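**Q** Below you'll find the structure I mean.
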Ligand code: HEC
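Structure (structure tokens):
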């Protein structure tokens, strides 16, 4: 009887250690929990989530008009982390830990049966934003105004080439400041 109890305790301990180890692999030592922990490391370094095309939800698209010719020269496709849309529709705010991914594509423009049509062709890279309601990384210049901000070239989704959101991103997002720096008017799923 005693032996069995001892074995049980030992086994439970092993399972606990196993769970911690597995979680450690997933989380890359983040100040965030859940899915966001796989995107942000302990110093606020960010990476493009490897599974966003299958697990995130689509928010909307932008087409940047071509100069002087029909069609669009760029297309932007914006995704958001699971649960964020439901949460936003409840209170009109992006919940802490929300991740936004904006794909930037060069287009191909062709005559099709619907007319002159541009479609996503070559991926140039990703813009990433991570909601931070508590100011986790005051030392890191990629973080501020309630978000982590980063750009990734298509060749390296694990390492950003941006260094300072105030210089790289902020001025262009000022028109959206009143909606927490996000161009929410382009995203039909957010409207209630
Ligand atoms: C040249 C101006 C400009 C710069 C620089 C810029 N943005 Fe944006 N960003 C925009 C505009 C305008 C939109 C929405 C329309 C579009 O995509 O064309 C947008 C959309 C986004 C989106 C989709 C969510 C939203 O706000 O609607 C993300 C994510 C994003 N930007 C992140 C960044 C990050 C991170 C940086 C800096 C590394 C950055 N942007 C720099 C202008 C800019």
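Residue numbers (the working numbering): 1 to 192.
All C-beta atoms in this analysis are idealised placements derived from N, C-alpha and C, irrespective of residue type, glycine included.
All values reported here derive from a predicted model rather than from experimental measurement.
My guess is that residue 120 and residue 75 are in contact by the Cβ rule of under 8 Å, so how many angstroms apart are they, rounded?
**A** The Cβ separation is near 5 Å, so the contact holds.
**Q** Cα-Cα, which of 59, 181 and 103 is closest to residue 153?
**A** For residue 153, the nearest C-alpha among the options comes from 103.
**Q** Please list the segments of the beta strand (DSSP E) lying wholly inside the stretch 121-155, counting only runs of 3 or more residues, in order along the chain.
**A** If we require 3 residues or more, the beta strand (DSSP E) runs fully inside the stretch 121-155 come out as 147-153.
**Q** Out of 80, 127, 30 and 91, which has the shortest C-alpha to C-alpha gap to residue 169?
**A** That would be 127, whose Cα lies nearest to the Cα of residue 169.
**Q** Under the DSSP definition of a beta bridge, which residues are partnered with residue 76?
**A** Answer is 62 and 104.
**Q** Between residue 56 and residue 72, is the Cβ-Cβ spacing less than 8 Å?
**A** No. Outside cutoff.
**Q** Please state if the CB of residue 116 and the CB of residue 70 are separated by a distance shorter than 8 Å.
**A** Yes, Cβ-Cβ distance for residue 70 and residue 116 is below 8 Å.
**Q** Measuring from the CB of residue 176, is there a heavy atom of the ligand HEC at a distance below 7 Å?
**A** For the ligand HEC, at least one heavy atom lies less than 7 Å from the Cβ of residue 176.
**Q** For the putative contact between residue 53 and residue 190, defined by C-beta atoms under 8 Å, what is the C-beta separation to the nearest angstrom?
**A** That belief does not hold up - the Cβ atoms of residue 53 and residue 190 are roughly 20 Å apart, past 8 Å.
**Q** If you measure from the CB of residue 88, is any heavy atom of the ligand HEC nearer than 7 Å?
**A** Checking the Cβ of residue 88 against the ligand HEC gives no.
**Q** Just the Cα atoms here: how many angstroms apart are residue 148 and residue 113?
**A** Looking at the two C-alpha atoms, the distance is approximately 42 Å.
**Q** Per DSSP, what kind of secondary structure is residue 24 in: helix, strand or coil?
**A** Unreliable placement is indicated for residue 24, whose pLDDT of 42 sits below 50; the coordinate value is still reported in the next sentence. Looking at residue 24 - three-state DSSP - the assignment turns out to be helix.
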